[in-house]
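Asker: For what it's worth, my numbering labels the leading residue of the sequence shown as 13, then goes sequentially.
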Amino acid sequence: MKSRRRPYAEQRPQDLGGGVWSVPVPIPGNPLGYTLVYALESPKGPVLVDAGWNHPDAWDALSGGLATLGIDVSTVSGVVVTHFHPDHAGLAGQVKDVSGAWIAMHEADAALVRLMHDYAAEEHESFQSDMLRRAGADPGEARQAVSRPTPPALPDRRLRDGDLVDLPGRKLRAVHTPGHTPGHICLHLEDADRLFTGDHVLPDITPHVGIYPYDRDDVDPLGDFLDSLDRVAELGPLDALPAHEWIFPDVAARAAQIRHHHDEKLVRLRALLAQRPQPLTIWEVAAMMTWNRPWDDLSPMLKGMAAGEAAAHLRTLEARGEVRRVPGVDLVRFQALDS
């Protein structure tokens with residue numbers, strides 16, 4: 013089954029067959045439009061894959077959409093979250109409040125949610141401001157780029173790679189696919205050759221892969237993401253049920269396309285750096301890269317996200333020995349190494 017992305021107003025809950033349903037849940041003010049929340053049949057009560065954004069309109073869409081499919085939200089037995097971002101985990105706590113459902117996510121993202129709960133607002137703002145300053149952001153833009161999303165509910169259950177989700181009578185296995193977040197998981201419904209891909213593999217766009225803080229040198233999120241794409245491709249031509257856009261066949265083929273996209277992007281970035289005799293800040297590199305809009309048209313928050321993605325690509329090139337970082341007192345710069 014394949015359905016092209018349409019405006020949210022044209023979306024409808026669907027019975028996908030085989031005890032699987034989808035409910036589009038709006039993301040207010042976001043160009044993605046909606047999150048596709050999936051419900052899987054279970055003798056203990058349905059299990060949701062993701063839950064949607066924490067907003068009254070989203071709650072009405074989720075609970076009302078489930079109702080049109082004959083599912084009372086109070087009967088949900090569990091919510092397995094593909095990753096901690098608010099358009100996926102935001103309503104999990106409210107589902108739990110009305111149904112007593114458990115919430116599960118990968119242990120790496122669960123640790124980040126705990127950190128978000130424990131981190132004071134002023135500490136978070138100071139962390140972001142310092143990160144943006146070291147990247148070379150203009151002080152005015154840096155102030156406007158600072159944001160602190162409301163943390164989602166803490167999970168009751170922590171998943172690891174290969175764990176089976178509590179879905180009696182079926183095999184829904186967690187596949188750890190880090191990159192978009194450290195604990196992102198896809199969910200392989202092994203008895204139906206379906207893969208719930210979250211944001212890892214989408215049919216038309218690619219997910220944001222950033223590094224935070226920008227100048228970390230002990231992780232490689234983009235490298236992890238590329239390895240995760242290879243792992244998903246090895247699962248074969250499964251039907252993909254993503255969290256955005258539309259359902260599509262052959263997740264392996266799409267994973268290969270996304271891998272190729274980033275490989276080409278890394279080649280172009282290496283060439284851009286090689287043309288510059290002087291080291292560049294992360295902010296300068298981000299301004300040189302190609303985005304879906306011109307750099308000057310991006311809001312400060314979007315520039316901050318672009319800088320995170322630029323930093324992730326720089327870190328992968330550094331890990332491959334193609335660029336080096338030039339540390340300074342206040343700024344970190346990068347320079348291409350000779351071939």
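Where is the CB? At the ideal position from N, CA and C, for every residue including glycine. Keep in mind it's a predicted model, so treat the numbers as computed, not measured.
(1) Under a three-way DSSP split, which group does W65 fall into?
(2) Measuring straight from C-alpha to C-alpha, what distance separates W303 and A323?
(3) How is the alpha helix (DSSP H) around L285 delimited, first residue to last?
(4) Figure out for me which residue from P43, P38, G57, R24 has the closest Cα to the Cα of G31.
(5) V85: which of K277, V341, Y226, S111 sits nearest, CA to CA?
(6) Among A318, G235, D350, which has the Cα closest to the Cα of A283?
(7) So what's W114 in DSSP terms, helix, strand or just coil?
(8) Closer than 8 Å by C-beta to A157: which residues in its own chain qualify, once you throw out the five before and the five after it? Chain order, please.
(9) In the DSSP assignment, the alpha helix (DSSP H) including T328 goes from what residue to what residue?
(10) So A116 packs on P167, CB below 8 Å; how close in whole Å?
(11) Do the CB positions of L253 and R206 come within less than 8 Å of each other?
(12) Using the C-alpha atoms, what's the distance from L214 back to S15?
(13) Grab me the residues of D27's own chain with a C-beta within less than 7 Å of its C-beta, minus the 5 sequence neighbours each way, in chain order.
(14) What's the C-alpha gap between R271 and G174?
(15) If we count the other Cβ atoms within 10 Å of its Cβ and call it buried at 16 or more, is L234 buried or exposed?
(16) Just to check my reading of the structure: A147 and Y224 have Cβ atoms closer than 8 Å, yes? What is that Cβ distance to the nearest angstrom?
(17) Taking all protein chains shown into account, decide if N42 is buried (16 or more other Cβ within 10 angstroms of its Cβ) or exposed.
(18) In terms of residues, what are the limits of the alpha helix (DSSP H) holding H188?
(19) Is the region 196-203 touching the region 285-303 in the sense that three or more CB pairs, one from each, lie closer than 8 Å?
(20) Grouping DSSP H, G and I as helix and E and B as strand, with all else coil, what is T4?
(21) Evaluate contact between the region 183-191 and the region 235-244, counting only Cβ atoms and requiring at least three cross-stretch pairs below 8 Å.
(22) Using the rule of at least 16 other Cβ atoms within 10 Å of the residue's Cβ for burial, across every protein chain shown, is M13 buried or exposed?
(23) Kindly list the residues whose CB is nearer than 6 Å to the CB of P68, restricted to its own chain and excluding five residues on each side of it in sequence; keep chain order.
(24) Please work out which residues of its chain come closer than 7 Å, Cβ to Cβ, to H325, disregarding the five sequence neighbours upstream and downstream, and give them in chain order.
(25) To the nearest angstrom, how far is it from the Cα of G29 to the Cα of D232?
(26) Just tell me which of T218, A255, L48 has its CA closest to the CA of Q269.
(27) Please report the residue range of the alpha helix (DSSP H) in which H200 lies.
(28) Classify Q287 as buried or exposed, calling it buried when 16 or more other Cβ atoms lie within 10 Å of its own Cβ.
(29) Helix, strand or coil for W71, going by three-state DSSP, please let me know.
(30) Under the rule that 16 or more other beta-carbon atoms within 10 Å means buried, what is K108, buried or exposed?
(31) Could you give the distance in angstroms between the alpha-carbon of S138 and the alpha-carbon of T94?
(32) Do you know how far the Cα of A348 is from the Cα of E334?
(33) Nearest to A298 by CA position, among V263, Q290, L310, is which residue?
Answerer: On the basis of the coordinates in this document:
(1) coil
(2) 14 Å
(3) 263-286
(4) G57
(5) S111
(6) D350
(7) strand
(8) Q140, L144, A149, P312, M313, K315, G316
(9) 312-331
(10) 6 Å
(11) yes
(12) Summary for S15: the model assigns pLDDT 44, below 50, so the residue's position carries little reliability; its value from the coordinates is reported in the next sentence. Cα to Cα, the separation comes out at about 13 Å.
(13) W33, L81
(14) 23 Å
(15) buried
(16) So it is not a contact: roughly 11 Å between Cβ atoms.
(17) exposed
(18) From DSSP, H188 is part of no alpha helix (DSSP H) but of the beta strand (DSSP E) over 184-188.
(19) no
(20) This structure cannot settle anything about residue 4, because the visible part of the chain is limited to 13 through 351.
(21) yes
(22) Bear in mind that the predicted position of M13 carries a pLDDT of just 36, short of 50, making it unreliable; the figure below should be weighed with that in mind. By the neighbour-count rule (16 or more Cβ atoms within 10 Å), M13 is not buried but exposed.
(23) none
(24) L234, K277, L278, L281
(25) 39 Å
(26) T218
(27) No alpha helix (DSSP H) holds H200; the beta strand (DSSP E) holding it covers 197-201.
(28) exposed
(29) helix
(30) buried
(31) 29 Å
(32) 6 Å
(33) L310
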